[in-house]
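Participant: Okay, handing you the structure first.
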Amino acid sequence: MRRLSYAFLALISVVSLLPFYLMMTMSTYYTEDLFKGLPLWPSDFLRENLATVFRSNFAQVYLNSLTVSVAAVASCLLISAMIGYAIAKFRFRLRSALHFFMMITMMVPTQVGLIGYVIEMKALGMGNTLLPVILIWTAFPFGAFFMTQFIKDTVSQELLESARLDGCSEPGIFFRVVLPLVKPGLSTLAMLVFLWSWNSYLLPLVVINNQKWYTLPLFISNLGIVHRTDYAAMMTALCMAVVPLLVIFILASKTFIKGITAGSVKG
Amino acid sequence: MSFGKGKSRSSALLLFILFAMLLAGCGAGPAGSNTDSQPSPAGTDAGTAEGDGAKDPKQISATIKVWDWDEAFHETMIPEFNKLYPNIKVEYTVVSNTDYLQKLQSGIVSGSDIPDVIMGEVGYRGKLFDLDILDDLEGAPYNFQREQMLDYVVPLMTNSEDKLVGIEQQIAVAGLAYRRDLAKEYLGTDNPDEIEGMIKDWDAFTAKGIEIKEKSGGKVLMLPGLLDAYFVLNGQRGMEYIKGEDIDLTGKMKPTLDRLFDMRDKGIIGKLENGSPSWAASFASGDYLFYPSATWSPKWQVAANDKDGSGRWGLVAAPEGSFTLGGTSVSVYKDSKVKEAAWAYMNFCYLSDEGTKIAAEKFGFLPGVKSFYENNRELIDKGSEFDAFFGGQNLSKYFVEKVVPGVSGQPQTKYEAIVTQAFKTLYPLWTKDASIDANTAMSKYIDEVKSKARDANVK
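One line per chain: the protein sequences are A and B, in this order. Going by full-length UniProt numbering, 185 is the number at position 185 of the first sequence; the sequence numbering is gapless. Going by full-length UniProt numbering, 317 is the number at position 317 of the second sequence; the sequence numbering is gapless.
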């Protein structure tokens, strides 16, 4: 039975990892050779594909994506945690209405508000910069909802009262008591926001009109597009694009798993 | 493949006669030659700066924005353009043609940046022309004349109100690329003239297809898929079948479907989906004799998909006439603040003698402007780098002499893309299910177009 379960797990692992492996081997092929069969073994076209990728301003694009994702994560975590703390632990007028509103906005597809958001950013003079792509994450309903639930389940009211009795200020309680307690939740949200902002395509496509500010998904979709799509070069760029995601997942996998299972078992 | 001296002379004479005919009745000067009222010389060749009102190119100072997917083209053209217009800064942004219209529409709705020079790929051109955001290039300050363009491109550059809102970036006329090795084996010759004689019309094409299929034991077919055949057949029937909200789909498509289904039922067309991995791989595998091939195809389709196939290919005109495949128009945004500069750049790149010559030499672009062919005979005769790939056949000359004269451009409306897209949605089913006949397919086609174009009357 144990052997069977190991075999099953091995099979699932192969099925899950094969596309990732193929992405790497495909990056070593000449595009048109990709279609001649399953590219299981590496080929000899990697150098040319790398040259295609680096021919444009790949380093600048990479830096843009990193800037966007890091800034998005930082701002989203801070604001979501603050909203979550306020809704979970304070009693004030219209609190339920605010919570309800937050949940409603989660149900509205991003595309619906896209044009309004672009108009808003233009009115604020932020068109053609990276700011619109970052600021969208400061009003992220899922983040606020997630942190509300996490703080509700993790931070006890008694602990907050003790801190107040000991003379800690309200910001002090938030930064020195609440945030350390919700670290797993924060790292889970950080990973998700990093992943989503890193892969975001539609918003940068609409708001960025200067290729100096292009992010990785836009750059990759524009590789070798004149009459022919250079899939192999795209795969090469993708391989490089997933590196930060892998590093972050490896570093934060323990807290990530804690975060997604938090609240699943009631004591 | 070598041509005798006599043949070269007769070809040269034919070319001369062809362009004399094209230019007949054209009172305008060479490309970009403008009336005196035009504020900008816009073009840069000798013929363009003649008008009394022509401004010194150095006096035009502006920054223009261009969105295009062809980065290499602008990287080459901008420095050349700046030699003549040093004070016009051209900023290009690479935007994929699949995202182009969406990005443009979002920009229009939100009031954010719109480029001064707008590209219209044929897949979305009708919709773009219908947005009413493009300037009429026959009006001031451009005063361009449609007679300066090859006749067949004019319908492709005009909107439903017959306003000329774009100029053709390059001609995208097409014939059929064929495998010389297969042609020799199954047709007994790889000479383009002889092959053309064998497939003069679609009946002859079908008959040859049956013959080849039988000879090869079903291994070699005429075309890789229904969509490839559709491109040819539909492209040959450029006509005004969309008038306002009325789409006469049956009038336009029924003959095409009849022919397509006849060829499908006789088993001379493959089952590959155009653009799919297996379709791309088929160029090298040698299972199909013909592929639709436009001016841009030798480089981007044939050579790219059959990189060891140099000398293995040839080009012939399609049975019963030529057609267009792909193509891009270039327009000026009607609310642009720098129309004069935008037009100067467009005119330099796509119309002027100097710009078109550079584009032809560096990229193999054959422009849509007549004067190019009058002034640059030697470029056509010289051939292109992909001629060797096609067994030494002078492709530019073949396209210009044999393909351009018979081609008709499809007028562009917002429904054009819907009609093509509907076919693309349906044809995989028609490929698989042989029980569907042309009549059933036609009614399905009408339903599909109706569902996508709800405000139109489709019959």
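Heads up, the beta-carbon is just placed ideally off N, CA and C, and yes, glycines get one too.
(1) State the DSSP-derived secondary structure class of Asn347 of chain B, mapped to helix, strand or coil.
(2) In its own chain, which residues sit with a C-beta less than 8 angstroms from the C-beta of Trp313 of chain B, not counting the 5 before and 5 after it?
(3) If you check the beta carbons only, do Val338 of chain B and Ile64 of chain B fall under 8 angstroms apart?
(4) DSSP on residue 270 of chain A, reduced to helix/strand/coil?
(5) In whole angstroms, give me the CA-to-CA distance for Glu75 of chain B and Asp151 of chain B.
(6) Whole angstroms are fine: how far does the CA of Leu18 of chain A sit from the CA of Ile12 of chain A?
(7) Does the contact criterion of 3 or more C-beta pairs under 8 angstroms hold for the region 372-386 of chain B versus the region 79-93 of chain B?
(8) Gly120 of chain B: buried (16+ other C-beta within 10 angstroms of its C-beta) or exposed?
(9) Whole angstroms are fine: how far does the CA of Ser253 of chain A sit from the CA of Ile136 of chain A?
(10) Judging by CA-CA distance, which residue of B:Val94, B:Arg454 and B:Asp228 is the nearest neighbour of Gly326 of chain B?
(11) Identify the residues that DSSP records as bridge partners of Leu176 of chain B: which are they?
(12) Report the CB separation of Val154 of chain B from Gly409 of chain B in whole angstroms; it is logged as a contact under 8 angstroms.
(13) For the alpha helix (DSSP H) that Gly332 of chain B lies in, which residues bound it at each end?
(14) With 8 angstroms as the threshold, decide whether the Cβ of Gly368 of chain B is near any Cβ in chain A.
(15) Tell me the residue span of the beta strand (DSSP E) that contains Met119 of chain B.
(16) Grouping DSSP H, G and I as helix and E and B as strand, with all else coil, what is Trp67 of chain B?
(17) Is it buried or exposed for Arg264 of chain B, if we count other Cβ within 10 angstroms and need 16 for buried?
(18) Distance, Cα to Cα, Lys127 of chain B vs Gln211 of chain A?
(19) Which stretch, first to last residue, makes up the alpha helix (DSSP H) that contains Thr93 of chain B?
(20) If you drop the 5 nearest sequence neighbours on each side, which residues of the same chain put their C-beta closer than 8 angstroms to that of Met198 of chain B?
(21) Kindly provide the ranges of any alpha helix (DSSP H) runs that are 4 or more residues long and lie completely inside the region 218-273 of chain B, ordered along the chain.
(22) Taking Cβ-Cβ distances below 9 angstroms as the criterion, which residues of the region 92-107 of chain B are in contact with chain A?
(23) Which chain A residues are close to Asp447 of chain B, counting only those with a beta carbon under 8 angstroms from its beta carbon?
(24) Quick check on the burial criterion: 16 or more other C-beta atoms within 10 angstroms. Buried or exposed for Glu125 of chain B?
(25) What residues from chain A crowd round residue 461 of chain B, counting only those whose CB sits closer than 8 angstroms?
(26) Rounded C-beta distance between Trp430 of chain B and Tyr142 of chain B? I'm assuming under 8 angstroms.
(27) Please work out which residues of its chain come closer than 8 angstroms, Cβ to Cβ, to Leu160 of chain A, disregarding the five sequence neighbours upstream and downstream, and give them in chain order.
(28) Could you tell me the alpha carbon to alpha carbon distance between Asn274 of chain B and Lys200 of chain B, rounded to whole angstroms?
(29) Answer with yes or no whether the minimum CB distance from Ile115 of chain A to chain B is below 8 angstroms.
(30) In three-state terms, what does DSSP make of Glu168 of chain B?
(31) Short of 7 angstroms Cβ to Cβ, which residues in the region 200-212 of chain A face chain B?
(32) Per DSSP, Asn457 of chain B is paired with what?
(33) Verify whether the separation of the beta carbon atoms of Pro292 of chain B and Gln170 of chain B is less than 8 angstroms.
(34) Is the shortest distance between the beta-carbon of Ser221 of chain A and the beta-carbons of chain B less than 8 angstroms?
(35) Does DSSP classify Leu38 of chain A as helix, strand or coil?
(36) Going by Cα to Cα distance, which pick from B:Asp56, B:Pro79, B:Val404 and B:Lys58 is closest to Cys349 of chain B?
Facilitator: Inspection of the coordinates gives the following:
(1) helix
(2) Here the set comprises Ala177, Tyr178, Arg179, Arg180, Pro298, Val302, Asp306, Phe389, Phe390 and Gly391.
(3) yes
(4) In the structure displayed, chain A extends from 1 to 267; residue 270 of chain A sits before or after that span and is not available.
(5) Those two C-alpha atoms are separated by around 30 angstroms.
(6) 10 angstroms
(7) no
(8) buried
(9) 26 angstroms
(10) Looking only at B:Val94, B:Arg454 and B:Asp228, the smallest Cα-Cα distance to Gly326 of chain B is reached by B:Asp228.
(11) B:Pro292 and B:Val316
(12) 7 angstroms
(13) A quick correction: the sequence has Val, not Gly, at residue 332 of chain B. Val332 of chain B -> not in any alpha helix (DSSP H); beta strand (DSSP E) instead, spanning Thr328 to Val332.
(14) No, Gly368 of chain B lies away from the interface with chain A (no Cβ there is under 8 angstroms from its Cβ).
(15) If you look at Met119 of chain B, you'll find it in the beta strand (DSSP E) that goes Val117 to Glu121.
(16) strand
(17) buried
(18) 25 angstroms
(19) Counting along the chain, Thr93 of chain B sits inside no alpha helix (DSSP H); it lies in the beta strand (DSSP E) bounded by residues Ile88 to Val94.
(20) Leu187, Ala204 and Lys208
(21) 226-235 and 249-265
(22) Residues of the region 92-107 of chain B with a C-beta atom less than 9 angstroms from some C-beta of chain A are Tyr92, Thr93, Val94, Val95, Ser96, Asn97, Thr98, Asp99, Gln102, Lys103, Ser106 and Gly107, listed in chain order.
(23) Going along chain A, no residue has its Cβ under 8 angstroms from Asp447 of chain B, so there is no contact; the nearest lies around 28 angstroms.
(24) For clarity, residue 125 of chain B is Arg in the given sequence; the question names Glu instead. With 16 or more other Cβ atoms within 10 Å, it is buried.
(25) Residue 461 of chain B is absent from the structure shown; chain B starts at 1 and stops at 459.
(26) That belief does not hold up - the Cβ atoms of Trp430 of chain B and Tyr142 of chain B are roughly 44 angstroms apart, past 8 angstroms.
(27) Lys89, Ile173, Val177 and Val178
(28) 24 angstroms
(29) True, the Cβ-Cβ gap to chain B drops below 8 angstroms.
(30) strand
(31) Leu205, Val206, Asn209, Asn210 and Gln211
(32) B:Asp246
(33) no
(34) yes
(35) coil
(36) B:Pro79
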